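Novice: Residue numbers (my numbering): 20 to 297. Using N, Cα and C, we set each Cβ at its ideal position, and we do this for glycine too. These figures come from a predicted structure and were not determined experimentally.
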Ligand code: SF4
Ligand code: SF4
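1) Of the choices 23, 43, 86, 107, whose alpha-carbon is the least far from that of residue 195?
2) Count the other CB atoms within 10 Å of the CB of residue 251; is the residue buried (16 or more) or exposed (fewer)?
3) Have a look at residue 129 and residue 95 and give me their C-alpha separation to the nearest angstrom.
4) May I ask whether a heavy atom of ligand 1 can be found less than 8 angstroms away from the beta carbon of residue 202?
5) Go through its chain and collect everything with a Cβ distance to residue 291's Cβ below 6 angstroms, but skip five positions before and after it.
6) What residue from 287, 240, 279, 234 has the CA that sits closest to residue 273's CA?
7) Counting only beta-carbon atoms, is residue 295 nearer than 9 angstroms to chain C?
8) Between which two residues does the beta strand (DSSP E) carrying residue 277 extend?
9) If you check the beta carbons only, do residue 209 and residue 193 fall under 9 angstroms apart?
10) Kindly list the residues whose CB is nearer than 7 angstroms to the CB of residue 269, restricted to its own chain and excluding five residues on each side of it in sequence; keep chain order.
11) Restricting to Cα atoms, I'd like to know which of 52, 213, 40, 105 is closest to residue 93.
12) Using the Cβ count rule (16 or more neighbours within 10 Å means buried), how would you classify residue 175?
13) At 3 residues or longer, and completely inside the region 90-129: list those beta strand (DSSP E) runs for me, N to C.
14) Helix, strand or coil for residue 208? Go by DSSP, reduced to three states.
15) Cβ of residue 164 versus every heavy atom of ligand 2: is any distance shorter than 8 angstroms?
16) Quick one: does the C-beta of residue 63 sit closer than 8 angstroms to a heavy atom of ligand 1?
17) Considering only heavy atoms of ligand 1, does any lie closer than 8 angstroms to the CB of residue 195?
18) What's the C-alpha gap between residue 289 and residue 139?
19) Just checking residue 148 against ligand 2 - is the residue's beta carbon closer than 8 angstroms to any of the ligand's heavy atoms?
20) Is it buried or exposed for residue 164, if we count other Cβ within 10 angstroms and need 16 for buried?
21) Please state whether DSSP places residue 143 in a helix, a strand or coil.
22) For residue 200, which three-state DSSP category applies?
23) Within this structure, are the beta carbons of residue 89 and residue 134 separated by less than 9 angstroms?
24) Should the region 43-59 be called in touch with the region 247-265, which here means at least 3 C-beta pairs below 8 angstroms?
25) At the level of alpha carbons, what is the spacing between residue 111 and residue 84?
26) Go through its chain and collect everything with a Cβ distance to residue 255's Cβ below 7 angstroms, but skip five positions before and after it.
27) Tell me which residues share the same chain as residue 271 and place their Cβ nearer than 8 angstroms to its Cβ, disregarding the 5 neighbours each side in the sequence.
28) Does residue 25 come out as helix, strand or coil in the three-state DSSP assignment?
29) Could you check whether the region 68-75 touches the region 112-121, counting it as contact only if at least three pairs of C-beta atoms, one from each stretch, sit closer than 8 angstroms?
What follows is the structure, given as structure tokens:
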């Protein structure tokens, strides 16, 4: 039996919102019994995109996180639902029955991920169905995945070791949102925004040049990482722990090594770091 899941790769998402729009296009005004009733024209975000601005001028980044229903292996929504209005299919897709769930606004509170929306007109709780009506017709991907131009979304059968999703799960670092909920989501994430430390190296006696290939080492409780400055003299360490203490060491032949202590309570841009001749 298939076991469907999704991967969202934040490093590939450019915030085009095509996934969100494809979902709206599929569901607004369209009923798909017994999977779902039509989504209203506004107020629902079955594929919600969170935009997070990181860093400060001149080092600013924007990171996106897509949040549909997690189609949890151990979902609270199905466990609390009194009349099987929310149920889990053998393939892992969690469905809110558009007939049985009528009038049950309390279903919104059954999900700690807050991905269930209230349809005022239909008196109905609704959410992402993982496009079950299309998958059951033989579609290979849901609409949002098909619409993504950068390959940031991957859908597939996690029970098939040869599927793309299984290969990515086996070969890359993935994580889930809020593992502390212990609901075992079927939506996995790559490159979720954490903290960065960045800066630019300037050689005191060559200030009009950009020093490439200067060695910069980051040390912290998770070990050491070394990078070289690029052709602008810039360096960056990504994916760091929040609120952790690090030491940044800059080394270049003929120059006095320089160390800086940094705490990642926010993303850190160290600016120009001037190193002097020995
Ligand atoms: S994310 Fe929420 S609505 Fe979706 S399966 Fe998990 S508990 Fe249920
Ligand atoms: S899987 Fe389908 S229902 Fe879920 S967010 Fe994507 S397009 Fe919408």
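Specialist: Walking through what the data contain:
1) 86
2) exposed
3) Going from the Cα of residue 129 to the Cα of residue 95 covers about 6 angstroms.
4) yes
5) 219, 221
6) 234
7) Going by chain labels, chain C is absent from the structure shown, which holds only one protein chain.
8) 277-282
9) yes
10) 220, 233, 235, 276, 277, 292, 294
11) 105
12) buried
13) 105-107, 113-115
14) strand
15) Annotation for residue 164 indicates a beta carbon within 8 angstroms of some heavy atom of ligand 2.
16) no
17) no
18) 50 angstroms
19) yes
20) Per the 10 Å Cβ criterion, buried.
21) In the three-state reduction of the DSSP assignment, residue 143 falls in the strand class.
22) helix
23) yes
24) no
25) 22 angstroms
26) 215, 217
27) Within the same chain, and ignoring the five residues on either side of residue 271 in sequence, the residues whose Cβ sits closer than 8 angstroms to its Cβ are 220, 222, 230, 233, 234, 294.
28) strand
29) no
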